[in-house]
Amino acid sequence: MKRLFIAALCLLQLSLCACSNDMNRRELDEINLIHIMGIDYSDGMYVLTAVFSSGQGADPEKNPSGSEDVSEGKGATPFEAFQDLKLKNKKTVSIANTGYFLIGETAAAEGIETCLDFLSRDETVKMESLIFITQGVNASYFISEGMKNGKMIHEDLEAVEQKLHELVTRIDNTLVNILNEMEDDLSGLLIPYLKTGEDSFNIGGYAVFDGLSLADYLDIDTSAGINIIKNIMRTYPIYLKKGVSLSVSSLKSRMKTELEEGLVWVDIHVDFESMVREVNTDEDIFRVEEQNTLTRLQNAYIEDILKKAVDYSKDTGRDILNIGRIIRNRYAKEWSGIRDEWKDMVPDIQYELHVRSRIAKSFILGNRR
Amino acid sequence: MENTINSAWIKKLFEKSSDITIRPIKINQNNITAHLFCVDGLVNQELFDEAVLKSIKFDSYLADCRTERETIDYLLEGGAYDAFTTEVSDYQKLLKNVLSGMAALIFDAEKKAVVYDLRKFEKRSIQEPTEENVMKGSKESFIEVLRMNTALIRRRLRSEYLVIEQLYAGRLSKTDIALVYLSNIANANTVNKIRSIIKSIDIDNVSTPAFIEEYLVENKLSIFPQIMYTQRPDRVSANLSDGRIALVVDGIPFVYILPCQLPMLMQSPDDYANHFLVGSSLRVIRYISMILTLFLPAFYIAATTYQNQMLPVQLALSTQAAKQNVPFSSAVEVLGLLISFEILIEAGLRLPQAVGTAMSILGGLVVGQSAVAANLISPAVVVIVALAGISGFIMPNQDLSSGIRLTRFVMALLASFAGFFGLAAGLILLVTHLCSLDNYGTAYMSPFVDVEERNIKDTVFRFPVKYFIKRPEDVAGQNSIKQGTGRADR
Chain A
0 MKRLFIAALC LLQLSLCACS NDMNRRELDE INLIHIMGID YSDGMYVLTA
50 VFSSGQGADP EKNPSGSEDV SEGKGATPFE AFQDLKLKNK KTVSIANTGY
100 FLIGETAAAE GIETCLDFLS RDETVKMESL IFITQGVNAS YFISEGMKNG
150 KMIHEDLEAV EQKLHELVTR IDNTLVNILN EMEDDLSGLL IPYLKTGEDS
200 FNIGGYAVFD GLSLADYLDI DTSAGINIIK NIMRTYPIYL KKGVSLSVSS
250 LKSRMKTELE EGLVWVDIHV DFESMVREVN TDEDIFRVEE QNTLTRLQNA
300 YIEDILKKAV DYSKDTGRDI LNIGRIIRNR YAKEWSGIRD EWKDMVPDIQ
350 YELHVRSRIA KSFILGNRR
Chain B
0 MENTINSAWI KKLFEKSSDI TIRPIKINQN NITAHLFCVD GLVNQELFDE
50 AVLKSIKFDS YLADCRTERE TIDYLLEGGA YDAFTTEVSD YQKLLKNVLS
100 GMAALIFDAE KKAVVYDLRK FEKRSIQEPT EENVMKGSKE SFIEVLRMNT
150 ALIRRRLRSE YLVIEQLYAG RLSKTDIALV YLSNIANANT VNKIRSIIKS
200 IDIDNVSTPA FIEEYLVENK LSIFPQIMYT QRPDRVSANL SDGRIALVVD
250 GIPFVYILPC QLPMLMQSPD DYANHFLVGS SLRVIRYISM ILTLFLPAFY
300 IAATTYQNQM LPVQLALSTQ AAKQNVPFSS AVEVLGLLIS FEILIEAGLR
350 LPQAVGTAMS ILGGLVVGQS AVAANLISPA VVVIVALAGI SGFIMPNQDL
400 SSGIRLTRFV MALLASFAGF FGLAAGLILL VTHLCSLDNY GTAYMSPFVD
450 VEERNIKDTV FRFPVKYFIK RPEDVAGQNS IKQGTGRADR
């Protein structure tokens with residue numbers, strides 16, 4: 000028994016030693032941890048731009064804020080570019096801690112699946128890292144411009160992520176979500192795009208993909224309409240012409256889809272509550288009539304936003320609301336008959352919008368000025 | 000003449016021992032002479048004069064006794080001024096009694112002795128427990144004298160079922176050991192087993208507690224304590240009423256409790272002195288500390304050497320920054336600092352208290368800070384090892400603390416060989432080992448591994464007392480109901 004026990008211990012020790020030889024042992028300070036990676040396509044080559052922090056050393060007082068270094072790699076494919084990036088770096092390069100992938104407009108137009116394929120096959124990549132499209136420019140330009148202005152890029156992107164969390168209840172542009180969406184040929188892929196402002200990066204709206212290639216950019220209102228229909232909107236400001244501003248505080252939406260005689264009917268029901276945020280009018284908003292008027296106006300405001308999303312889908316024939324997926328799941332038999340014509344059917348989808356709301360928790364201070 | 004009670008033989012036996020007193024005492028004018036046999040320094044002189052000499056000199060009935068037998072009978076029937084007087088005819092028993100501090104009158108013709116229990120030796124007074132002190136609760140702790148300790152237990156359990164069996168171990172030391180249990184609750188098989196183990200101990204001298212412990216534990220290779228010790232009489236009484244068995248060893252200022260399970264070692268008297276929510280919170284902190292002290296250094300090594308993707312981005316960056324310019328690998332840093340920590344503790348224990356404090360400051364603060372400033376170790380490692388070290392000392396039981404500290408090294412080594420895979424392998428081995436431990440018929444990990452959930456009410460969380468209705472089933476043999484439901488009319 001003792002011999003067996005000792006033999007088992009030796010075996011364990013040997014297996015652990017074998018593991019350590021085959022486990023890519025690397026000290027953390029021997030690795031350049033990329034925290035932002037830009038993916039671009041120009042002149043027939045993929046260009047990867049990696050942003051990593053240059054170490055602060057053991058004494059952070061010498062360089063309290065740290066700094067960011069950039070490195071580039073080029074290749075015929077993103078993976079080749081990544082290998083080039085690795086070769087150019089003195090230290091080992093790792094995307095295990097990369098939190099943000101920025102995809103340049105040209106690379107996105109070339110096809111997002113090419114950009115993301117090598118990431119999907121990397122066992123160390125964080126699947127919850129966020130993906131953004133850089134509107135109108137390459138990711139490398141976006142990064143270099145940001146650094147020229149003295150920005151810490153990863154801090155700005157963290158701020159963008161925070162803003163997203165404030166706006167929506169669920170962030171869908173994670174790597175794992177986008178890879179899943181890409182697998183479904185019916186999904187209208189939407190990825191938020193970023194714009195460079197003077198001092199910071201701003202979230203624009205959604206970049207729309209036709210198939211897996213970048214096709215268009217949606218404005219903020221249309222993107223908000225999509226968020227409302229997807230029931231992920233956390234808050235949204237409403238500016239009424241009467242000098243009253245409100246904000247959506249609690250919103251629920253549901254979509255009912257039916258297929259009748261080859262025609263798709265979609266009922267969208269939105270219920271929300273709002274809070275008065277600003278009153279710049281002499282009218283007494285305490286009165287029931289005035290409240291009813293405000294409610295009507297805010298309903299119309301939200302309905303307009305919904306219409307923008309719906310109209311965009313009808314006008315362009317792009318199924319950005321993923322109606323096709325719902326029809327396929329609900330009407331499996333009929334779907335086989337309409338699968339091939341689905342793209343042509345999208346503009347003919349009949350939408351009905353129902354918006355109901357209530358003004359809650361308002362008038363605490365009244366509107367006396 | 001050997002092995003019979005005879006004053007000449009005993010005198011010859013102890014002729015070179017200056018502290019042994021053997022002298023004749025004439026009982027009366029009828030030629031009856033007894034030999035006094037005692038150890039100088041262990042006998043209470045005043046009591047001796049009162050109980051032995053005074054009765055011999057002034058007792059008229061004793062003066063009339065004509066034979067030794069008559070004298071012995073009279074002394075045993077009340078002639079001796081001592082309630083604890085016995086007749087001994089066994090030579091070994093006489094030696095044991097006298098050498099433990101009793102006084103004997105040897106009657107050579109009868110080959111018998113009358114033994115007076117007049118023991119008195121210098122002892123500590125009852126003081127506050129040094130390891131298990133509580134804010135609210137008893138401040139008494141055990142001392143080195145067995146009889147005093149059994150009295151402290153008896154004072155708390157005034158039950159006719161409380162049994163204090165006298166045993167002894169050690170061929171030379173003949174150390175008294177009291178086996179204490181409640182006969183209506185304790186498992187008779189366990190009592191018998193412990194009794195037979197103690198009787199089978201065949202060593203010269205029970206000089207340290209470990210001598211007894213090693214005989215009593217069932218898995219001698221395990222570094223986890225399988226026998227609980229306590230300085231507190233109230234804790235002993237609580238465990239006795241749960242059906243456990245206590246061992247009081249003369250010369251040791253604490254009491255052993257058997258059978259012992261891991262959750263018992265995580266309990267502190269403070270848990271019961273506070274509100275149950277406060278007590279539960281303290282226990283949760285203790286369990287968290289156990290996990291931290293076991294796995295934090297190993298986790299750090301695994302995360303910084305193998306699977307750095309496990310770290311959140313900001314943490315990875317700050318850890319990376321802290322490690323820059325440090326020439327050693329994470330494993331060397333952590334293991335080196337852990338060893339240094341143990342050296343500091345060991346040195347602190349050996350040195351006088353005043354010097355020990357100064358050395359702790361020098362070792363912990365000055366050397367630590369200098370090492371960080373000289374880039375010999377990273378600040379992150381100092382934090383990790385300090386947190387793990389302090390967490391290790393939160394354990395209420397020092398034996399458990401030592402076991403966990405040793406296991407921490409094993410985990411760190413496994414992590415340095417194979418990262419999280421090694422850590423996982425270590426965790427599996429640890430859990431398997433703990434679950435395989437059996438302690439006098441009870442699982443060491445009980446009640447975590449029990450099918451019934453009733454005992455879980457006093458483990459990680461301390462439920463209100465009214466829920467402690469039943470005793471641990473595998474510990475208490477005969478009587479499982481501990482108390483009422485606490486819902487009587489108020």
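From first to last, the protein sequence lines stand for chains A and B.
Mapping of the first sequence onto numbering that gives the first Met the number 0: residues 0 to 368, in sequence order.
Mapping of the second sequence onto numbering that gives the first Met the number 0: residues 0 to 489, in sequence order.
C-beta: ideal position from N, C-alpha, C; glycine also.
Just so we're clear, the structure is a prediction, and the values are computed from it rather than from any experiment.
Its chain contains Gly-418, Phe-419 as the residues whose beta carbon lies nearer than 6 Å to that of Gln-306(B), once the 5 sequence neighbours on both sides are disregarded; these appear in chain order. Contacts between Gln-319(B) and chain A, judged by CB atoms closer than 7 Å, involve Leu-27, Asp-28, Leu-32, Gly-54 in chain order.
Phe-100(A): member of the beta strand (DSSP E) spanning 99–103, first to last residue.
Contact between Ile-111(A) and Phe-208(A) holds: CB atoms are separated by about 7 Å, below the 8 Å threshold.
A residue is called buried once 16 or more other Cβ atoms fall within 10 Å of its Cβ, and His-164(A), having fewer, is exposed. Gln-297(A) sits buried, since 16 or more C-beta atoms from the chains shown fall within 10 Å of its C-beta. Counting the other CB atoms within 10 Å of its CB gives Arg-461(B) a total of 16 or more, which places it among the buried residues. With fewer than 16 neighbouring CB atoms inside 10 Å of its own CB, Ala-331(A) falls in the exposed class. Per the DSSP secondary-structure output, Lys-469(B) pairs in a beta bridge with Ile-480(B). Counting of Cβ neighbours within 10 angstroms places Tyr-160(B) among the exposed residues, the total staying below 16. Taken through DSSP and simplified to helix, strand or coil, Cys-37(B) comes out as strand. Close partners of Thr-123(A) in chain B (Cβ separation under 8 Å): Gln-308. Under the three-state reduction of DSSP, Ser-312(A) is assigned to helix. In the same chain as Asp-39(A), and ignoring 5 residues on each side of it, the C-beta atoms closer than 6 Å to its own belong to Val-46, Gly-103, Ala-106, Asn-137, Ala-138, Ser-139, in chain order. In the structure shown, the three-state DSSP call for Ala-475(B) is strand.
Assignment of Gln-323(B) by DSSP, reduced to helix, strand and coil, places it in the coil class. The residue from Val-113(B), Glu-49(B), Glu-164(B), Val-179(B) with its alpha-carbon nearest to that of Ala-102(B) is Val-113(B).
Distance from the CA of Leu-428(B) to the CA of Leu-211(A), rounded to the nearest whole angstrom, comes to 49 Å. Between Gln-134(A) and Gly-203(A), the C-beta spacing is below 9 Å. The C-beta of Gly-98(A) comes closer than 9 Å to at least one C-beta of chain B. Gly-421(B) and Thr-406(B) have their alpha carbons spaced roughly 13 Å apart.
As a beta-bridge residue in DSSP terms, Ser-252(A) pairs with Val-269(A). For Ala-359(A), no Cβ of chain B is located within less than 9 Å of the residue's own Cβ. Membership of Ala-103(B) in the beta strand (DSSP E) is indicated by the continuous run 102–106. Annotation for Lys-85(A): Gly-72, Thr-91, Val-92 place their beta carbon closer than 8 Å to its own, counting only its chain and skipping 5 residues before and after.
Asp-48(B) and Phe-467(B) have their C-alpha atoms some 53 Å from each other. Against Ser-329(B), the close residues of chain A are Glu-26, Leu-27, in the order they occur along the chain (beta-carbon pairs closer than 8 Å). According to the DSSP secondary-structure assignment, Arg-22(B) is paired through a beta bridge with Leu-35(B). Note on the segment 370–428 of chain B: whole alpha helix (DSSP H) runs with a minimum of 4 residues are 378–391, in chain order. Under the Cβ distance rule, Leu-11(A) counts among the residues neighbouring chain B, one pair being separated by less than 9 Å. The continuous stretches of beta strand (DSSP E) do not include Gln-352(B), which lies in the alpha helix (DSSP H) extending over residues 352–360.
Straight-line measurement puts the Cα of Ile-26(B) at about 37 Å from the Cα of Glu-143(B). Judged by DSSP in its simplified three-state form, Phe-253(B) adopts coil rather than helix or strand. When the beta-carbon positions are compared, Arg-233(A) and Leu-156(A) stay at least 9 Å from each other.
For Gln-91(B), the enclosing alpha helix (DSSP H) begins and ends at 90–98.
Secondary structure of Ser-140(B) (DSSP, three-state): coil.
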